[in-house]
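First residue of the sequence shown? That's 922 in my numbering, and the numbers climb one at a time after it.
We put the CB at the ideal spot given by N, CA and C, even for glycine.
On a predicted model such as this, the values are computed, not experimentally measured, just so you know.
Below you'll find the structure, written out as C-alpha cells, and then a few comments.
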Amino acid sequence: MSSTDDIIRGIGEGSIRAIARALSMVENGSADSVEVLDKVFSLQSGFSIGVTGPPGAGKSTLVSRMISRYRSQENTVGVIAVDPSSPFTGGALLGDRIRMQSHASDPGVFIRSMGSRGHLGGLSGATRDASLVLSAAGYSPVIIETVGVGQAEVEVADLADITLLVLVPGLGDDVQSMKAGIMEIGDIIILNKADRNGIDQLESYVRASLELMPPGIRKPEVVRVSAVNGDGLENLWKAIDRLAAIHSDEQRKSRSAIKTLNEILKENGLLFAERLLETQYNGREAAEELILSGTLSPYAIGKKLLETAEGMLKHNGSK
922 MSSTDDIIRG IGEGSIRAIA RALSMVENGS ADSVEVLDKV FSLQSGFSIG
972 VTGPPGAGKS TLVSRMISRY RSQENTVGVI AVDPSSPFTG GALLGDRIRM
1022 QSHASDPGVF IRSMGSRGHL GGLSGATRDA SLVLSAAGYS PVIIETVGVG
1072 QAEVEVADLA DITLLVLVPG LGDDVQSMKA GIMEIGDIII LNKADRNGID
1122 QLESYVRASL ELMPPGIRKP EVVRVSAVNG DGLENLWKAI DRLAAIHSDE
1172 QRKSRSAIKT LNEILKENGL LFAERLLETQ YNGREAAEEL ILSGTLSPYA
1222 IGKKLLETAE GMLKHNGSK
C-alpha cells in the first residue's frame, strides 16, 4: 500500500501522524495532496468557525475559551491559526501554542499554524484544504483564527460556516477605517474586553454601521463579552449554537462542496476553466450536480480540467 493510501486511511481513523503528514502535503503544494483531498472529501462532518479581527482584539484568548467549551462537551477541536506574515514553518506554531498552552497537550485538540506563502491557492486555498483534512478526521468544530481584517482574512472567513468578527474599544481609526462591507463578513460581531472604557461608543458605532447595510441582508448579531473573565460568554455560545442549528451536516457539506469547486475554478483560471467545463461536463450546473450526488468531488473535477488544459497545450505545441 502506498504512503498516500496510508495517509488517507489514517485520516479516517483520526491518526495524528497521518493528519500532520496530510497538512504538510497541503502546505507544500504536493501533487499527491489532491488525491488525498479527493478521497477524504466525503468524510467531512461537523462545522467550522472563522474568528477574525484586528491585532490586539483578544482573538486567541477567545479561541482558548471556545476550545474549553467544546472540549467540555467531549468534542474534539481543530484549530488553524493563520499568520499572513509567516511561511509554513514550526516557528509560528510555537507562538500559537504559547498563547494556547493549556490545550497544547490535550490529545483532543489539534492546533496548526499556517502562513500565507508557499501554496498555489494562496492563503484561502491552503486554509480551505487544511480545514477539510481536520474535518475529515472528525474534528468539530474546526476553528480558523486570522489576524487583521484585510482582503485575505475576508476570504478565509468566507470559508467558515460561522464567522465571528472580534472588535475591542480603543482601536479608534483601525475600526473606523474598515472598508465598506467589512462588517458584513461576520455572522456575529463580538465586542470583546467589554469592561473597558469606550465599549458603549464602540457598540453605537457598530450598530450605526450595520444600519447602512442593504435591505434584505441579514444583520449580524452583536454580543458583548470579556474573554478574560468570562462575562457574556454564555450569550455568545447561545448565538453560535443558534447559527450551527440552522443547517444540517448534509446542507453544510453541500454548501462547502460548491464553495470548494468555485475556489478551485479560480485557481485554475476561471475563464478557461468555464470553457473546459462545457466540453468535459456539459456545463457548470451539471458538474455541481455530480458533486452534490456524491459521484465526484470538486478536487477530482479540478484535476481533470487541469490535465485537459495541459494536454491541449502539448498538442498545440507539437504542431
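(request) Output the distance between the C-alpha atoms of ASP1108 and GLY1232, rounded to the nearest integer angstrom. (result) 43 angstroms
(message) Quick test of your reading: ALA1002 and ILE970, contact by CB under 8 angstroms. State the CB separation rounded to the nearest angstrom.
(response) Your pair ALA1002 and ILE970 does not check out as a contact, with CB atoms roughly 13 angstroms apart and the cut at 8 angstroms.
(message) Using 8 angstroms for Cβ pairs, my map puts VAL1143 next to GLU1155. What's the rounded Cβ distance?
(response) At roughly 16 angstroms, the Cβ-Cβ gap does not stay under 8 angstroms, so VAL1143 and GLU1155 are not in contact.
(message) Could you check whether the region 966-981 touches the region 1053-1065, counting it as contact only if at least three pairs of C-beta atoms, one from each stretch, sit closer than 8 angstroms?
(response) yes
(request) Leaving out five residues on either side along the sequence, give the residues of the same chain with a beta carbon under 7 angstroms from the beta carbon of THR1181. (result) ARG1049 and PRO1219
(request) Counting only the same chain and skipping the five closest in sequence on each side, list residues whose C-beta sits under 7 angstroms from that of ALA1058. (result) ILE932, GLY935 and ILE940
(request) To the nearest angstrom, report how far apart LEU964 and SER1056 are at their CA atoms. (result) 8 angstroms
(request) State buried or exposed for ASP1004, treating a residue as buried only when at least 16 other CB atoms are found within 10 Å of its CB. (result) buried
(message) Please list the terminal residues of the continuous beta strand (DSSP E) segment that includes PHE1031.
(response) 1030-1036
(message) Which of the three DSSP states is assigned to GLY1129 in this structure?
(response) With the sequence shown as reference, residue 1129 is identified as Ala, and Gly is not the correct amino acid for it. Three-state result, ALA1129: helix.
(message) If you follow the alpha helix (DSSP H) that ARG1145 is in, where does it begin and where does it stop?
(response) For ARG1145, there is no enclosing alpha helix (DSSP H); the enclosing beta strand (DSSP E) covers residues 1142-1145.
(request) Starting from the Cα of VAL1000, find the closest Cα among LEU1186, GLU1195, MET1035 and ASN1118 and give me that residue. (result) MET1035
(message) Excluding the 5 residues flanking SER1169 on each side, which residues of the same chain have their C-beta closer than 8 angstroms to its C-beta?
(response) none
(request) Label ASP926 either buried or exposed according to how many other C-beta atoms from any shown protein chain fall within 10 Å of its C-beta, with 16 as the threshold for buried. (result) Exposed is the label assigned to ASP926, since fewer than 16 other Cβ atoms lie within 10 Å of its Cβ.
(request) Name the two residues that bound the continuous alpha helix (DSSP H) containing ASP1152. (result) Careful: ASP1152 lies outside any alpha helix (DSSP H) and carries neither H nor E.
(request) Would you give the residue range spanned by the alpha helix (DSSP H) that GLU1066 belongs to? (result) Looking at the DSSP string, GLU1066 is not in any alpha helix (DSSP H); the run it does join, the beta strand (DSSP E), is 1063-1066.
(request) Quick one: measure Cβ to Cβ for ASN1113 and VAL1087, integer angstroms, because I've assumed they're closer than 8 angstroms. (result) With a Cβ gap of about 5 angstroms, ASN1113 and VAL1087 count as contacting.
(request) Drop a sphere of 10 angstroms on the beta-carbon of ALA943, count the other beta-carbons inside from all chains shown, and report buried for 16 or more, exposed for fewer. (result) buried
(request) Please go through the same chain and pick out, in chain order, the residues whose beta-carbon is closer than 6 angstroms to the beta-carbon of LEU1211, but skip the five residues on each side of it. (result) LEU1217
(message) Can you check which of these residues, GLY1215, LYS1174, LEU1226 and GLY1151, is closest to GLY979 by C-alpha distance?
(response) Selection GLY1215, LYS1174, LEU1226 and GLY1151 evaluated against GLY979 yields GLY1151 as nearest (Cα-Cα).
(request) Taking the CB atoms as reference points, tell me whether ALA1221 and ASP959 lie closer together than 8 angstroms. (result) Contact flag set, yes.
(request) Please say whether GLU1066 and SER981 have beta carbons closer to each other than 8 angstroms? (result) With contacts defined by Cβ atoms closer than 8 angstroms, SER981 and GLU1066 form a contacting pair.
(message) Rounded to the nearest angstrom, what separates VAL1068 and LEU1227 at their Cα positions?
(response) Distance between the alpha carbons of VAL1068 and LEU1227 is about 32 angstroms.
(request) Go ahead and pull the three-state DSSP assignment for LEU1092. (result) coil
(message) For ASP1079, tell me which candidate among VAL1127, ASN1183, VAL1030 and VAL1146 has the shortest Cα-Cα distance.
(response) ASN1183
(message) Once DSSP output is grouped into helix, strand and coil, what is the label at GLY971?
(response) strand
(message) Quick check on ALA1166: buried or exposed, where buried means 16 or more other Cβ atoms within 10 Å of its Cβ?
(response) exposed
(request) Could you check what DSSP says for VAL1115 in three-state terms: helix, strand or coil? (result) Note that residue 1115 is Ala in the sequence shown here, rather than Val. If DSSP states are grouped into helix, strand and coil, ALA1115 belongs with coil.
(request) Work out the CA separation of ARG990 and LEU1164 for me, nearest whole Å. (result) When rounded, the distance between both Cα atoms is 16 angstroms.
(request) Measure the alpha-carbon distance for PRO1141 versus MET946 and round it to whole angstroms. (result) 36 angstroms
(message) If distances are taken between C-alpha atoms only, which option among GLN1122, PHE962 and ARG986 comes closest to ARG930?
(response) PHE962
(message) I believe VAL1030 touches VAL998 by the beta-carbon criterion, under 8 angstroms. Please report the beta-carbon distance rounded to the nearest angstrom.
(response) 5 angstroms
(message) Please classify ASP937 as buried or exposed, where buried requires at least 16 other C-beta atoms within 10 Å of its C-beta.
(response) The question names Asp, but residue 937 is Ile in the sequence shown. Classification for ILE937: exposed.
(request) Could you check what DSSP says for ASP862 in three-state terms: helix, strand or coil? (result) Residue 862 is absent from the model: the chain starts at 922 and stops at 1240.
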